[in-house]
Amino acid sequence: MSDSEYEDEVTDLSNPDVTTKYITAAGITNKALELVCNAVKPGADVYELCRMGDDFIEEQTGKLYNKKVKGAVIPKGIAFPTCISINEVAGHFSPLQGESVAIKEGDIVKVDLAVQIDGFITAAANTVVAGDAKVSGKAADVVMAAHTAAEAVLRKVKLGNTNTDITNLMQQVADEYGVEPIRGVLSHQLEKHNIEGENAIASKFTDDLKVPEF
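Numbered per the UniProt record's numbering, the sequence shown spans residues 1 to 214.
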């Protein structure tokens, strides 16, 4: 595609083709997340779980958009590798086979992954407690705070509110449960071929992390 064609391309949701690609990618994302979360059990190998998620994404996206457009097949597949992060590891743990670990009973396991079709990215994450152990104390507080904050934020993300409003809401929920949002974590605007767009929402305000308001 030439520079002029890139400039003329409409890459937001006003383009029905873009909307369809986002919806299709999101469907695969949600299924991949469900598949991996259901496999999170004591004794499960983190490397194998990550490979399961990645293989599923590649298999499902490989069935779609295989007709060449202007001489080329539309790129599609993994936008961000499946990550399995346990307990104090906040995220982005996708190990090599030799660096893998096994999940233990009661582990708090974070699963995150992302899919792209033609550069349009959908991402999702979930937290699972491994096994049948009852969660209590601070671990339960953290899990409930994360769930409550996510539900509250989904209702807050709408026209008229700012990213500052969202960050303040997350802090308010954390305070109610006596826990702290993780510092340095940003939720980025997704753009074509860019998983870290310019606009972002901070999980927590700090002196060394300034996020422009939008």
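No residue lacks a Cβ here, since even glycine has one placed at the ideal position from N, Cα and C.
Excluding the 5 residues flanking Thr148 on each side, which residues of the same chain have their C-beta closer than 7 Å to its C-beta?
Mapped onto the sequence shown, residue 148 falls at position 148. Only Val173 meet the Cβ criterion.
From this set, Cys50, Ala200, Thr61, Lys70, which residue's C-alpha is nearest Val116's C-alpha?
For the purposes of this step, residue 116 is taken as residue 116 along the sequence shown, with counting starting at 1. One detail in the question is off: residue 116 reads as Gln in this sequence, not Val. Ranked by how close their Cα comes to the Cα of Gln116, the residues Cys50, Ala200, Thr61, Lys70 have Thr61 in first place.
Pull up the CB-CB distance for Ile182 and Phe80, whole angstroms please, since I reckon it's below 8 Å.
Walking along the sequence shown from the start, residue 182 turns up at place 182. Walking along the sequence shown from the start, residue 80 turns up at place 80. Ile182 to Phe80, Cβ: 18 Å. No contact.
Considering only their Cβ atoms, is the gap separating Glu105 from Ile78 smaller than 8 Å?
Sequence index remark: in the sequence shown, residue 78 carries index 78 (1-based). Sequence index remark: in the sequence shown, residue 105 carries index 105 (1-based). Using a Cβ distance threshold of 8 Å, Ile78 and Glu105 do not count as a contacting pair.
Assign Asp3 to buried or exposed, taking buried as 16 or more other Cβ atoms, counted over all protein chains shown, within 10 Å of its Cβ.
For this step, residue 3 is matched to residue 3 along the sequence shown. Residue placement at Asp3 is poorly supported in this model, since its pLDDT is 49, which falls under 50; the coordinates still yield a value, given next. Around the beta carbon of Asp3, fewer than 16 other beta carbons sit within 10 angstroms, so the residue counts as exposed.
CB of Asp118 within 8 Å of CB of Lys67, strictly
Within the sequence shown, numbered from 1, the residue matching residue 118 stands at position 118. Within the sequence shown, numbered from 1, the residue matching residue 67 stands at position 67. Against a cut-off of 8 Å, the Cβ pair of Lys67 and Asp118 comes out as no contact.
Which complete alpha helix (DSSP H) runs does the region 23 to 95 hold, if anything under 4 residues is left out?
46 to 61, all fully within the region 23 to 95.
Give me the Cα-Cα distance between Met170 and Lys110, rounded to the nearest whole angstrom.
Indexing the sequence shown from 1 puts residue 170 at position 170. Indexing the sequence shown from 1 puts residue 110 at position 110. Rounded to whole angstroms, Met170 to Lys110 spans 18 Å at the Cα level.
Contacting residues, own chain, Cβ-Cβ under 7 Å from Asn87 (five flanking each side not counted)
By one-based count along the sequence shown, residue 87 stands at place 87. Taken in chain order, the residues that qualify are Asp107, Ile108.
In angstroms with no decimal places, state the Cα-to-Cα distance between Gln97 and Ser14.
On the sequence shown, position 97 is the one that residue 97 refers to. On the sequence shown, position 14 is the one that residue 14 refers to. CA-to-CA, the gap between Gln97 and Ser14 works out to about 43 Å.
Since Asp112 sits in a beta bridge, which residues does DSSP pair it with?
Taking the first residue of the sequence shown as position 1, residue 112 is located at position 112. Answer is Cys83, Ala125, bridged to Asp112.
Assuming Asp45 contacts Thr82 under a Cβ cut-off of 8 Å, what Cβ separation, rounded to an integer in Å, is found between them?
On the sequence shown, residue 45 is found 45 positions in, with the first residue counted as 1. On the sequence shown, residue 82 is found 82 positions in, with the first residue counted as 1. Between Asp45 and Thr82, the beta carbon gap of about 13 Å keeps them out of contact (Cβ cut-off 8 Å).
Mark Phe214 as exposed unless 16 or more other C-beta atoms lie within 10 angstroms of its C-beta, in which case mark it buried.
Residue mapping note: residue 214 aligns to position 214 of the sequence shown, counting from 1. Taking all protein chains in view, the Cβ of Phe214 is surrounded by fewer than 16 other Cβ atoms within 10 Å, so the residue is classified as exposed.
Which runs of the alpha helix (DSSP H) spanning at least 4 residues fall entirely within the region 128 to 172, listed in chain order?
137 to 156, all fully within the region 128 to 172.
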